[in-house]
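Beneath this line is the structure, given in structure tokens, with notes to follow.
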Amino acid sequence: MQTILGAGGSVANHLALELPGYTNHIRLVSRNPKKINDADEIFAADLLDKKQVEAAVKGSSIVYLTAGLPYNSTVWERDWRPLMENVIEACKIHQAKLVFFDNVYMYGKVKREMTETTPFNPVSKKGVVRAAVASMLLKAMDEKSLTAMIVRSSDFIGADTQNSVPNMLVIDKLKAGKKAQLFLTDKTVHNYTYLKDATKAMAMLANTSEAYGQTWHLPSTGIFTGKDFVGKVAEILKVKSHYTIAPRWLLGVLGLFIPAIKETQEMLYLNEQDYEFSDAKFMKAFPEFKKTAFEDIIKQMA
Numbered sequence: 041m042q043t044i045l046g047a048g049g050s051v052a053n054h055l056a057l058e059l060p061g062y063t064n065h066i067r068l069v070s071r072n073p074k075k076i077n078d079a080d081e082i083f084a085a086d087l088l089d090k091k092q093v094e095a096a097v098k099g100s101s102i103v104y105l106t107a108g109l110p111y112n113s114t115v116w117e118r119d120w121r122p123l124m125e126n127v128i129e130a131c132k133i134h135q136a137k138l139v140f141f142d143n144v145y146m147y148g149k150v151k152r153e154m155t156e157t158t159p160f161n162p163v164s165k166k167g168v169v170r171a172a173v174a175s176m177l178l179k180a181m182d183e184k185s186l187t188a189m190i191v192r193s194s195d196f197i198g199a200d201t202q203n204s205v206p207n208m209l210v211i212d213k214l215k216a217g218k219k220a221q222l223f224l225t226d227k228t229v230h231n232y233t234y235l236k237d238a239t240k241a242m243a244m245l246a247n248t249s250e251a252y253g254q255t256w257h258l259p260s261t262g263i264f265t266g267k268d269f270v271g272k273v274a275e276i277l278k279v280k281s282h283y284t285i286a287p288r289w290l291l292g293v294l295g296l297f298i299p300a301i302k303e304t305q306e307m308l309y310l311n312e313q314d315y316e317f318s319d320a321k322f323m324k325a326f327p328e329f330k331k332t333a334f335e336d337i338i339k340q341m342a
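The sequence shown begins at 41 in this note's numbering and counts up by one.
Here it is in structure tokens:
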């Protein structure tokens, strides 16, 4: 049995589509899970309830933690640590391997490319939480009390990707004949992860015994300045390349009225500096892995 904790999100849904290549027994767990494959087992549970998590994990050989909490620092500070503690303890009890899908917030401001060995140096409330949660898991891994791995990705692009900022502010706007929207600058570079590539790689890693006990960066595709990203997307979509840049002061004003924008304020450093996410370790270990071409990703959204 391979079990996905946090079913219903973009990562979980695409991961569920990959797992039949490895197992006929897939369990989807969330408060209100829905089947992705006909043969899926669904299990309703609150990941903040220790006993419910233990019951959800029972009988699993591999557990994937793909849960996403509301994008709110207060919620993260309150809920992420107990959630991770529940999952770690449940996996220990049932001797299940754990695969944790993580982000890059714990790295903080990085002058060079981000790799799996980049030290944690969070500069945001959300980053502090993610560093603490990842450290909890790393401690259990170091103590050999749990077989686990951490996988990370850069920002998602592509169809069927919920809440993707590049999708919403660039690709979707250009498709609609509107100006794309960039934050702060169009000069810094950024690379992106295609969700289907990420979940395919995640399933490969989880079903490779030698991959455990490590952190992995999932495959990314393309690295562009903001200007070049808009231009490349427009070229593929055969539309005009035009965009506006939202300055910090404007985002600050909008944040007074729009909670989602308020929550992005502390993360704007990711736009102010180059964002270079290295997948070299994964590609060296799995040279046969074929990334989806950037042009094909955008064409699928046309």
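In this text, a Cβ means the ideal position worked out from N, Cα and C, and glycines have one as well. All figures in this text were calculated on a predicted structure; none of them were measured in a lab.
Asked                                                                                                                                                                 : Found
Starting from Glu376, trace the alpha helix (DSSP H) in both directions and tell me its first and last residue.                                                       : Since the first and last residues shown for the chain are 41 and 342, residue 376 lies out of range.
Go through the region 194 to 271 residue by residue and report every complete run of the beta strand (DSSP E) that reaches 3 residues or more, in order.              : 195 to 197, 220 to 223, 229 to 234, 255 to 257, 261 to 265
If we cut at 7 Å on Cβ distances, does Val139 have a partner in chain D?                                                                                              : Going by chain labels, chain D is absent from the structure shown, which holds only one protein chain.
When the Cα atoms are used, what is the spatial distance from Phe83 to Lys213?                                                                                        : 38 Å
In terms of residue numbering, what span does the beta strand (DSSP E) encompassing Lys137 cover?                                                                     : 137 to 142
Measure the beta-carbon distance from Thr261 to Phe334 and round it to whole angstroms, keeping in mind my assumption that it falls under 8 Å.                        : 5 Å
Give the secondary structure of Met189 by DSSP, where H, G and I count as helix, E and B as strand, and everything else as coil.                                      : strand
Hey, would you say Phe141 sits closer than 7 Å to Val273, going by beta carbons?                                                                                      : no
Report back the beta-carbon spacing between Tyr147 and Lys166 to the nearest angstrom; my notes put them in contact at under 8 Å.                                     : That pair is no contact at about 12 Å.
Quick check: what's the CA-CA separation for Phe160 versus Val168?                                                                                                    : 9 Å
Once the 5 residues before and after Ala56 are set aside, which same chain residues still bring their CB inside 8 Å of it?                                            : Ile44, Ala47, Ile66, Leu68, Ile76, Asn77, Asp80
Name the DSSP beta bridge partners of Ala84, please?                                                                                                                  : Ser70
Hey, could you find the ends of the alpha helix (DSSP H) Ala286 is sitting in?                                                                                        : No alpha helix (DSSP H) contains Ala286, which is instead part of the beta strand (DSSP E) from 283 to 286.
Which residue's Cα is closest to the Cα of Thr157: Ala246, Lys331, Ser164, Ile190?                                                                                    : Ile190
By Cβ distance below 6 Å, which residues in the same chain neighbour Lys90 in space, the five residues on each side in sequence not counted?                          : Asn126
What residue from Ser193, Tyr283, Asn53, Leu209 has the CA that sits closest to Leu258's CA?                                                                          : Ser193
Could you tell me the distance, in whole angstroms, from the CA atom of Pro110 to the CA atom of Phe297?                                                              : 18 Å
Could you give the residue range of the alpha helix (DSSP H) that holds Thr43?                                                                                        : No alpha helix (DSSP H) contains Thr43, which is instead part of the beta strand (DSSP E) from 42 to 45.
Using the rule of at least 16 other Cβ atoms within 10 Å of the residue's Cβ for burial, across every protein chain shown, is Asp182 buried or exposed?               : exposed
Is DSSP giving Ile276 helix, strand or coil here?                                                                                                                     : helix
Taking the DSSP output, what are the residues bridged to Ile337?                                                                                                      : Beta-bridge pairing links Ile337 to no other residue.
Which residues in the same chain as Phe196 place their Cβ atom closer than 6 Å to its Cβ, once the five residues preceding and following it in sequence are excluded? : Ser204, Thr233, Leu235
What number of angstroms, rounded off, separates the C-alpha of Gly99 from the C-alpha of Ser249?                                                                     : 19 Å
Counting along the chain, where does the alpha helix (DSSP H) carrying Ile76 start and finish?                                                                        : Where Ile76 is concerned, there is no enclosing alpha helix (DSSP H), given that its DSSP letter is neither H nor E.
Tell me the rounded alpha-carbon separation between Ala174 and Ala107.                                                                                                : 14 Å
Between the Cα of Glu58 and those of Thr239, Glu275, Gln340, Trp289, spot the shortest distance and give me the residue it belongs to.                                : Thr239
Taking Phe326 as the reference, which of Ala180, Ala243, Met208 has the closest Cα?                                                                                   : Ala243
Which of helix, strand or coil does DSSP assign to Leu105?                                                                                                            : strand
According to DSSP, which residues form a beta bridge with Tyr315?                                                                                                     : His230
By Cβ distance below 7 Å, which residues in the same chain neighbour Asp86 in space, the five residues on each side in sequence not counted?                          : Arg71, Gln92
Can you name the start and end residues of the alpha helix (DSSP H) that Ser100 belongs to?                                                                           : No alpha helix (DSSP H) holds Ser100; DSSP gives it neither H nor E.
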